[in-house]
Amino acid sequence: MTCIVSFSNSKGGVGKTTSVLGMGCCLAEKGKKVLLIDLDHQGNLSDDFGRGDEDYTITDLFENPKFDTNKIIYKALDDGNEIENLYIIPADITLAVEARSAERYRYRLQILDDGIKRLKETFDFILIDCRPAIDLSIENALLISNVIIIPVDMDRRAVKGIDDLLEVVDEVKRKQQFVYTLIYTKVDNRNKKMLAATKNRIKEKKYPVLNTRIGISEKYKQASEEHRPVVHFAKNERPHLDYMELTKEFLEFIK
């Protein structure tokens with residue numbers, strides 16, 4: 099059975115795209131067949147995997163819910179080379195507009211679900227990169243997700259908006275079963291005061307959170323400038339090791 103995971107937070111800049119990228123690569127490294135879906139019209143995930151300028155994208159599905167989803171799946175690339183076990187459905191700049199236009203469809207909340215069911219390939223995991231807003235495309239993603247991961251960075255506003263997001267999740271999913279957890283991103287161990295404050299706020303709210311911390315590193319910026327996935331660009335360095343540890347903990351979490 100495919101495990102569908104949405105990475106979501108109404109706060110921007112918390113590391114959603116990087117976490118989808120990191121965990122996707124690490125799951126593929128572990129022999130899992132993984133599909134990434136870019137639901138952010140900025141298309142950063144698509145760019146990082148060399149698929150930022152394709153003829154067909156996820157936008158085509160929201161423009162025409164009966165569109166053949168198999169036409170929008172591409173092999174993920176690292177520096178032009180295919181990554182084993184890793185595939186991506188890219189986004190483009192018109193996604194937000196088409197998602198609004200799709201509100202007219204009767205079965206608008208089933209567009210992504212129906213599209214995935216038409217896939218000829220089967221996947222162990224589908225990871226969805228959600229933009230920092232709630233629109234029809236994000237509601238589609240949350241509705242079909244078994245797991246929702248909420249990245250939080252080391253910021254005094256880190257937990258702001260999480261309750262609002264969870265209210266939306268509860269409304270969309272109603273009685274459907276799902277689990278959610280927070281993950282720590284952009285952790286600077288030198289700033290112990292901020293780290294402690296963030297952990298205390300999360301503890302007060304009684305949010306579930308994984309133990310692995312994704313640390314800061316210049317490698318993220320360098321990889322982005324090279325348009326390469328950071329865990330391949332910085333193989334066996336901190337970004338790669340952090341996401342391997344997070345992936346290991348995640349697999350235990352969903353057992």
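Here the sequence shown stands for residues 99 to 353, where the numbers follow the working numbering. Heads up, the beta-carbon is just placed ideally off N, CA and C, and yes, glycines get one too. Owing to the predicted nature of the structure, the values given are computational and were not obtained by experimental measurement.
### Task
Put Y154 into one of helix, strand or coil per three-state DSSP.
The answer is coil: DSSP assigns Y154 none of H, G, I, E or B.
#### Entry: Run of the alpha helix (DSSP H) containing T345, from where it starts to where it stops
Per DSSP, the continuous alpha helix (DSSP H) segment holding T345 begins and ends at R336 to F351.
### Message
Rounded to the nearest angstrom, what separates F221 and G110 at their Cα positions?
### Response
Straight-line measurement puts the Cα of G110 at about 28 Å from the Cα of F221.
### Message
Taking only three categories from DSSP, how would you classify G110?
### Response
Reduced to three states, the DSSP call for G110 is coil.
### Message
Please identify the residue among T279, N183, D251 and R206 whose C-alpha is closest to the C-alpha of L293.
### Response
Ranking T279, N183, D251 and R206 by Cα distance to L293 puts D251 first.
### Task
Just confirm the distance between the C-beta atoms of I312 and T279, as a whole number of angstroms; I'd bet it's less than 8 Å.
A Cβ-Cβ separation of about 14 Å leaves I312 out of contact with T279 under the 8 Å criterion.
### Query
From this set, R272, D253 and T192, which residue's C-alpha is nearest K284's C-alpha?
Per the Cα distances, D253.
### Task
Pick out whichever of L125, L193, R202 and K218 has its Cα sitting closest to the Cα of I171.
Selected option, being the one with the closest Cα: K218.
### Message
Three Cβ pairs or more, each shorter than 8 Å: is that satisfied between the stretch 265–276 and the stretch 288–307?
### Response
No, the stretch 265–276 does not touch the stretch 288–307.
### Task
Would you mind sorting N238 into buried or exposed? The rule is 16 or more other CB atoms within 10 Å of its CB.
Classification of N238: buried, given that the 10 Å Cβ count is 16 or more.
### Any 3 or more C-beta pairs closer than 8 Å across the stretch 229–236 and the stretch 191–204
Touching, yes.
### Query
Shortest alpha-carbon distance to H338 belongs to which of C101, V270 and E127?
Nearest of C101, V270 and E127 to H338, Cα basis: E127.
### Query
Does the beta-carbon of Y185 have 16 or more other beta-carbons within 10 angstroms, so that it is buried, or is it exposed?
Y185 is buried by the Cβ-count criterion.
### Within-9 Å CB hit, N289 to chain B
Annotation note: the requested chain B is absent from the structure, which comprises a single protein chain.
### Message
Would K114 and P249 be called neighbours here (beta carbons separated by less than 9 Å)?
### Response
For K114 and P249, yes; Cβs fall inside 9 Å.
### Query
What span of residues does the beta strand (DSSP E) with K333 cover, start to end?
Where K333 is concerned, there is no enclosing beta strand (DSSP E), given that its DSSP letter is neither H nor E.
### Message
Taking the alpha carbon of N168 as the reference point, which residue from L175, P188, V257 and Y318 has its own alpha carbon closest?
### Response
Just measuring C-alpha positions, the residue of L175, P188, V257 and Y318 sitting nearest N168 is P188.
### Beta-carbon proximity list for D151, same chain, < 8 Å, skipping 5 on both sides
Answer for D151: no residue qualifies.
### Task
Would you kindly work out how many angstroms separate the C-alpha atoms of F165 and M121, rounded to a whole number?
Near 28 Å, if we compare the C-alpha coordinates of M121 and F165.
### Query
Apart from the five residues on each side of it in sequence, which residues of its chain come closer than 7 Å, Cβ to Cβ, to E335?
Same-chain partners within the cutoff: K317.
#### Entry: D158 to L193 span [Cα, whole Å]
Taking the straight line from one Cα to the other gives about 9 Å.
### Exposure of Y341, with buried meaning 16 or more beta-carbon neighbours within 10 Å
With 16 or more Cβ atoms within 10 Å of its Cβ, Y341 is classed as buried.
### Nearest-angstrom beta carbon gap, T155 and D190 [assumed within contact, 8 Å]
The beta carbons of D190 and T155 sit about 5 Å from each other, so the pair counts as a contact at 8 Å.
### Query
Whose C-alpha, out of L137, R204 and N142, is nearest the C-alpha of P163?
Distances from the CA of P163 to each of L137, R204 and N142 were compared; the closest alpha carbon is that of R204.
#### Entry: G313, enclosing beta strand (DSSP E) - first and last residue
G313 -> beta strand (DSSP E) spans V307 to G313.
### Task
Below 8 Å on the Cβ atoms is my guess for D227 versus D138; work out the distance and round it to an integer in Å.
Contact between D227 and D138 holds: their C-beta atoms lie close to 6 Å from each other, under 8 Å.
### Task
Assign E180 to one of three DSSP states: helix, strand, or coil.
Correct three-state label for E180: strand.
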